[in-house]
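Beneath this line is the structure, given in structure tokens, with notes to follow.
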Amino acid sequence: MTNRYVVIFTVGPVQSFIASARKTEDFWSGSYILSYLVKEAIKRLYQVNANCEVVYPLVTKEELRSPSLRDARIASIPNRVTAVMEGTEAEVGGWLREVEHDVRQLFLDFCFQALQRVFPRLNDEEREQLEEMIEQQVQSFLEVYWVAEPYGSSDSFRAVRERAERRLGALKNEKHYIPVSQSGLVCSVCKEREALRLAKVEEADHFGDIKRKTLHLWKQRAAKFQGAEGEEDDRRSGRIKDNEFLCGICLGKRVARDYFSTLFGASVLSFPSVLEIGAGDYYAVLMMDGDNMGKWFSGERKEEYSETSQKLARFAKEVVPQIVEEQCHGKLVYAGGDDVLAFLPTETVLKAAEELRLAFGDERKGLGHGATASFGVVIAHKKSPFHLVLNAVRALEKKAKQYSNDKTGQQKDALALALHTRSGEISEAVLPWMIGGEKVSQLLDQWIKLLKTSLSPNFIFHFASAFAPLLYERHCLKWENGDMLATELRRLLKRSVKEGSHLSVQEIAHHTQVLLSLHEAVRSGYDFLYLLKILTFFKRSEGNGQ
Numbered sequence: 002m003t004n005r006y007v008v009i010f011t012v013g014p015v016q017s018f019i020a021s022a023r024k025t026e027d028f029w030s031g032s033y034i035l036s037y038l039v040k041e042a043i044k045r046l047y048q049v050n051a052n053c054e055v056v057y058p059l060v061t062k063e064e065l066r067s068p069s070l071r072d073a074r075i076a077s078i079p080n081r082v083t084a085v086m087e088g089t090e091a092e093v094g095g096w097l098r099e100v101e102h103d104v105r106q107l108f109l110d111f112c113f114q115a116l117q118r119v120f121p122r123l124n125d126e127e128r129e130q131l132e133e134m135i136e137q138q139v140q141s142f143l144e145v146y147w148v149a150e151p152y153g154s155s156d157s158f159r160a161v162r163e164r165a166e167r168r169l170g171a172l173k174n175e176k177h178y179i180p181v182s183q184s185g186l187v188c189s190v191c192k193e194r195e196a197l198r199l200a201k202v203e204e205a206d207h208f209g210d211i212k213r214k215t216l217h218l219w220k221q222r223a224a225k226f227q228g229a230e231g232e233e234d235d236r237r238s239g240r241i242k243d244n245e246f247l248c249g250i251c252l253g254k255r256v257a258r259d260y261f262s263t264l265f266g267a268s269v270l271s272f273p274s275v276l277e278i279g280a281g282d283y284y285a286v287l288m289m290d291g292d293n294m295g296k297w298f299s300g301e302r303k304e305e306y307s308e309t310s311q312k313l314a315r316f317a318k319e320v321v322p323q324i325v326e327e328q329c330h331g332k333l334v335y336a337g338g339d340d341v342l343a344f345l346p347t348e349t350v351l352k353a354a355e356e357l358r359l360a361f362g363d364e365r366k367g368l369g370h371g372a373t374a375s376f377g378v379v380i381a382h383k384k385s386p387f388h389l390v391l392n393a394v395r396a397l398e399k400k401a402k403q404y405s406n407d408k409t410g411q412q413k414d415a416l417a418l419a420l421h422t423r424s425g426e427i428s429e430a431v432l433p434w435m436i437g438g439e440k441v442s443q444l445l446d447q448w449i450k451l452l453k454t455s456l457s458p459n460f461i462f463h464f465a466s467a468f469a470p471l472l473y474e475r476h477c478l479k480w481e482n483g484d485m486l487a488t489e490l491r492r493l494l495k496r497s498v499k500e501g502s503h504l505s506v507q508e509i510a511h512h513t514q515v516l517l518s519l520h521e522a523v524r525s526g527y528d529f530l531y532l533l534k535i536l537t538f539f540k541r542s543e544g545n546g547q
């Protein structure tokens with residue numbers, strides 16, 4: 002009988018936990034808490050089984066004992082752990098149940114400490130009542146799954162891991178929901194769970210009665226966590242505004258920075274509001290995801306899997322922070338292997354995306370030659386509803402993943418761009434990273450510089466006025482007459498050259514050809530028009546205007 006097992010251990014849910022956010026503080030803390038819980042799970046795996054080998058993500062015992070400042074500051078652990086453990090079936094199962102219990106208890110204690118910080122003046126009976134409410138919410142919410150698959154000496158690691166993955170998928174599909182009775186107001190952040198309250202809600206209570214009963218508790222929050230609804234300054238750590246009523250889980254997220262600053266040092270953690278990200282009225286959110294990652298983890302041997310894990314760990318822990326924060330002056334939310342999420346100034350977001358894409362396919366910095374990634378980038382006004390911006394960047398990243406071009410045969414490896422103006426107008430375009438052997442980011446940068454120096458953006462307005470109706474009238478995705486399109490673009494470009502600028506006939510022909518290449522690469526004529534609008538935004542100094 003085998004005494005080795007391939008183990009997969011996951012903590013979630015990921016999307017709903019991170020997505021529940023009213024401000025950047027909530028968004029950052031969701032990623033950070035999950036990363037912390039998984040890191041603690043890895044620590045416990047090493048403790049319960051001395052021969053445990055964690056193959057993904059690559060986190061060594063030494064890193065857990067002495068984490069670097071960067072490791073403590075950035076969420077860099079994905080929510081899934083793959084390991085090899087030695088022991089009998091009963092021993093391995095017992096260890097994993099123990100780790101699961103510890104993770105659940107850690108998260109529960111984390112939420113309890115938030116309650117204590119925000120409501121320090123509660124008596125014992127009131128605290129016990131709220132802790133019982135929080136415990137029910139945590140039990141219903143937190144998803145911890147694990148499987149252990151026998152791994153014999155003659156077995157292929159790949160085959161065993163794939164069997165474990167299938168079992169894990171089946172286990173998740175059979176999830177049992179724990180019902181939680183709710184009779185009060187829903188949480189202001191997640192809109193799912195009931196907001197914490199002390200007073201009992203009666204069946205005959207109207208909305209006003211329920212709100213008053215809920216408000217009775219939230220008026221008791223500590224001064225540090227008080228703030229008036231609608232205040233412009235959103236930077237005070239952990240602040241809870243008037244008329245914000247949170248469930249136990251979202252309360253834990255809102256107070257996370259206090260908890261982790263105490264744990265790792267007060268100077269370690271700091272996350273700005275969108276008001277502080279870049280100059281001007283706009284900021285950018287970038288989301289990256291590696292393409293075809295299953296191929297990179299398809300090696301037969303465990304050593305190949307570990308080598309890929311090592312490359313992803315180096316990319317996430319060293320390369321991504323350097324590009325996002327040091328080179329492009331952004332703020333990294335999460336970097337877990339091939340997944341990246343960051344806030345950036347509008348003037349550096351294209352550079353950041355390009356550098357990340359190049360590094361991911363680099364032999365020394367990323368996975369190596371042949372590795373590609375798809376990106377979603379949303380540029381939004383700083384007063385845009387935060388949750389809508391987050392939903393938009395996720396949707397864009399998925400559209401980049403779905404990119405395909407029948408003529409070139411290219412799939413994925415794309416950049417999806419969107420501009421959300423203050424007026425509510427949305428412009429969106431999806432492009433491949435390479436067009437005719439040139440990087441699309443550099444082609445866009447050339448056009449941005451051209452609009453800044455030599456060309457009036459009026460040509461875009463005139464072109465859209467003439468050509469947009471053709472798409473609608475003929476019910477077509479793109480303009481079918483390429484010669485007519487080229488002729489009109491060339492004519493409008495020539496007419497739009499700024500006074501004092503000298504663009505030669507050859508230069509105008511070159512810029513026309515670039516536009517035609519962009520039109521060929523995008524999904525539709527509407528994408529092309531939206532792309533031109535986005536370029537006119539970028540040409541404004543530091544994203545001001547609109």
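Sequence positions in the sequence shown follow the numbering used here and run 2 to 547.
By construction, the Cβ of each residue, glycine as well, lies at the ideal position given by its N, Cα and C atoms.
Bear in mind that the values here come from a model prediction, so they are computed numbers and not experimental data.
Alpha helix (DSSP H) runs contained entirely in the region 264–345, provided each spans 4 or more residues:
294–297, 303–315
Provide the residue(s) that pair with Glu-429 in DSSP beta bridges, ordered along the chain.
Working through the sequence shown from its first residue, we reach residue 429 at position 428. In DSSP, Glu-429 forms a bridge with Ala-419.
Can you tell which of Glu-481, Ile-324, Ala-467 has the C-alpha that lies nearest to the C-alpha of Leu-493?
In the sequence shown, counting from the first residue as 1, residue 493 sits at position 492. Selected option, being the one with the closest Cα: Ala-467.
Does DSSP put Phe-10 in a helix, in a strand, or in coil?
Mapped onto the sequence shown, residue 10 falls at position 9. Residue state, collapsed to three classes: strand.
Where does Gly-209 fall in DSSP's three states?
Translated into positions along the sequence shown, residue 209 becomes position 208. Helix.
Between Lys-566 and the rest of its own chain, which residues show a CB-CB distance below 6 Å, the 5 nearest in sequence each way excluded?
Residue 566 lies beyond the range of the chain shown here (2 to 547); nothing can be said about it.
Contained beta strand (DSSP E) runs [length at least 3] in the region 51–91, N- to C-terminal order
54–57, 81–87
Assuming Val-378 contacts Tyr-404 under a Cβ cut-off of 8 Å, what Cβ separation, rounded to an integer in Å, is found between them?
What you label residue 378 is simply residue 377 of the sequence shown in a count that begins at 1. What you label residue 404 is simply residue 403 of the sequence shown in a count that begins at 1. Actually they do not touch by this definition, with Cβ atoms about 14 Å apart.
Relative to the alpha-carbon of Ser-455, which residue among Ala-257, Phe-111, Val-498 has its alpha-carbon at the smallest distance?
In the sequence shown, the residue the question calls residue 455 occupies position 454. Residue Val-498 is the option with its Cα nearest to Ser-455.
Three-way DSSP call (helix, strand, coil) for Val-15 in this model
As a first step, residue 15 must be located in the sequence shown, where it is residue number 14. Looking at Val-15 - three-state DSSP - the assignment turns out to be coil, as it is neither helix nor strand.
Roughly how many angstroms separate the alpha carbons of Glu-207 and Ser-30, rounded to a whole number?
The residue given as residue 207 occupies position 206 in the sequence shown. The residue given as residue 30 occupies position 29 in the sequence shown. Inspection of the sequence shows that residue 207 is occupied by His rather than by Glu. The alpha-carbon atoms of His-207 and Ser-30 are separated by roughly 34 Å.
Environment of Ser-77 [buried if 16+ CB atoms lie within 10 Å]
What you label residue 77 is simply residue 76 of the sequence shown in a count that begins at 1. Buried, by the Cβ-count rule.
Would Arg-118 and Val-256 qualify as a contact pair, given that the criterion is a beta-carbon distance under 8 Å?
Against the sequence shown, residue 118 aligns to sequence position 117. Against the sequence shown, residue 256 aligns to sequence position 255. For Arg-118 and Val-256, yes; Cβs fall inside 8 Å.
Which term fits Gln-138, buried or exposed, when burial requires 16 or more other beta carbons within 10 angstroms of its beta carbon?
The residue given as residue 138 occupies position 137 in the sequence shown. By the 10 Å Cβ count, Gln-138 comes out buried.
My understanding is that Thr-373 touches Asp-292, with C-beta atoms under 8 Å, so please give their C-beta distance in whole angstroms.
Numbered from 1 along the sequence shown, position 372 holds the residue referred to as residue 373. Numbered from 1 along the sequence shown, position 291 holds the residue referred to as residue 292. The pair is a contact, with the Cβ atoms about 4 Å apart (cut-off 8 Å).
Could you tell me the boundaries of the beta strand (DSSP E) in which Ile-380 lies?
Counted from its first residue, the sequence shown places residue 380 at position 379. Here the beta strand (DSSP E) through Ile-380 covers 374–382.
According to DSSP, is Pro-470 helix, strand or coil?
Here residue 470 refers to the residue found at position 469 when the sequence shown is read from its first residue. Of the three classes helix, strand and coil, the one that applies to Pro-470 here is helix, per DSSP.
Using C-beta distances below 6 Å, list every residue in its chain close to Leu-418, excluding the 5 sequence neighbours before and after it, in chain order.
In the sequence shown, residue 418 corresponds to position 417, counting from 1. Excluding sequence neighbours, Leu-418 sits near Val-378, Ala-430, Ile-535.
Between Phe-464 and Val-523, what straight-line distance do the alpha-carbon atoms span, to the nearest angstrom?
Start at 1 with the first residue of the sequence shown, and residue 464 comes out as number 463. Start at 1 with the first residue of the sequence shown, and residue 523 comes out as number 522. When rounded, the distance between both Cα atoms is 17 Å.
How many Å lie between Gly-338 and Phe-529 at the Cα?
As a working mapping, residue 338 is identified with position 337 in the sequence shown. As a working mapping, residue 529 is identified with position 528 in the sequence shown. If I take the Cα positions, the gap works out to 33 Å.
Going by DSSP, what residues sit across from Lys-440 in a beta bridge?
Along the sequence shown, one-based indexing puts residue 440 at 439. In the DSSP output, where bridge partners are listed per residue, Lys-440 has Met-435.
Tell me whether the region 271–281 and the region 361–372 touch, counting them as touching only if at least three CB pairs, one residue from each stretch, are closer than 8 Å.
no
Look at the Cβ atom of Val-104, then the Cβ atom of Glu-203, and state whether they are nearer than 8 Å.
Your numbering for residue 104 matches position 103 in the sequence shown. Your numbering for residue 203 matches position 202 in the sequence shown. For Val-104 and Glu-203, no; Cβs fall outside 8 Å.
Which of the three DSSP states is assigned to Gly-228 in this structure?
In the sequence shown, counting from the first residue as 1, residue 228 sits at position 227. Reduced to three states, the DSSP call for Gly-228 is strand.
Contact check, Val-39 vs Asn-80, beta carbons under 8 Å
Taking the first residue of the sequence shown as 1, we reach residue 39 at position 38. Taking the first residue of the sequence shown as 1, we reach residue 80 at position 79. Yes, they are a contact pair.
What whole-angstrom Cβ distance do Glu-245 and Ser-189 have, given they're in contact under 8 Å?
Start at 1 with the first residue of the sequence shown, and residue 245 comes out as number 244. Start at 1 with the first residue of the sequence shown, and residue 189 comes out as number 188. Their Cβ separation, rounded to whole angstroms, is 5 Å, which keeps Glu-245 and Ser-189 in contact under 8 Å.
Three-way DSSP call (helix, strand, coil) for Ser-385 in this model:
On the sequence shown, residue 385 is found 384 positions in, with the first residue counted as 1. Ser-385: coil per DSSP, three-state reduction.
Since Tyr-146 is in the beta strand (DSSP E), which residue starts that stretch and which ends it?
Numbered from its first residue, the sequence shown carries residue 146 at position 145. Start and end: 144–151.
State whether the region 341–354 contacts the region 323–333, with contact taken as three or more CB pairs (one from each stretch) at a distance under 8 Å.
yes
Would you grab the beta carbon distance between Lys-217 and Leu-199 for me? Rounded to a whole angstrom, and I think it's under 8 Å.
The residue given as residue 217 occupies position 216 in the sequence shown. The residue given as residue 199 occupies position 198 in the sequence shown. Just to set this straight, residue 217 is His in the shown sequence, not Lys. The Cβ separation is near 7 Å, so the contact holds.
Do Phe-108 and Leu-143 come within 8 Å of each other at the CB atom, strictly closer than that value?
Position 142 of the sequence shown holds residue 143. Position 107 of the sequence shown holds residue 108. The answer is yes: Cβ separation under 8 Å.
Contacting residues, own chain, Cβ-Cβ under 6 Å from His-520 (five flanking each side not counted):
Sequence index remark: in the sequence shown, residue 520 carries index 519 (1-based). Closer than 6 Å at the Cβ level, and outside the excluded window around His-520, lie Phe-529.
With three or more beta-carbon pairs closer than 8 Å as the criterion, would you say the region 406–414 touches the region 432–445?
yes
Just curious, the alpha helix (DSSP H) that Thr-409 is in, first and last residue?
For the purposes of this step, residue 409 is taken as the residue at position 408 of the sequence shown. That residue, Thr-409, is in no alpha helix (DSSP H); it is neither H nor E in DSSP.
Confirm, please, whether the CB-CB distance from Val-148 to Met-86 is below 8 Å.
Translated into the one-based positions of the sequence shown, residue 86 becomes position 85. Translated into the one-based positions of the sequence shown, residue 148 becomes position 147. For Met-86 and Val-148, no; Cβs fall outside 8 Å.
Based on the DSSP secondary-structure assignment, which residues constitute the bridge partners of Val-187?
The sequence position of residue 187 within the sequence shown is 186, counting from 1. For Val-187, which the question treats as bridged, DSSP gives the partners Glu-195.
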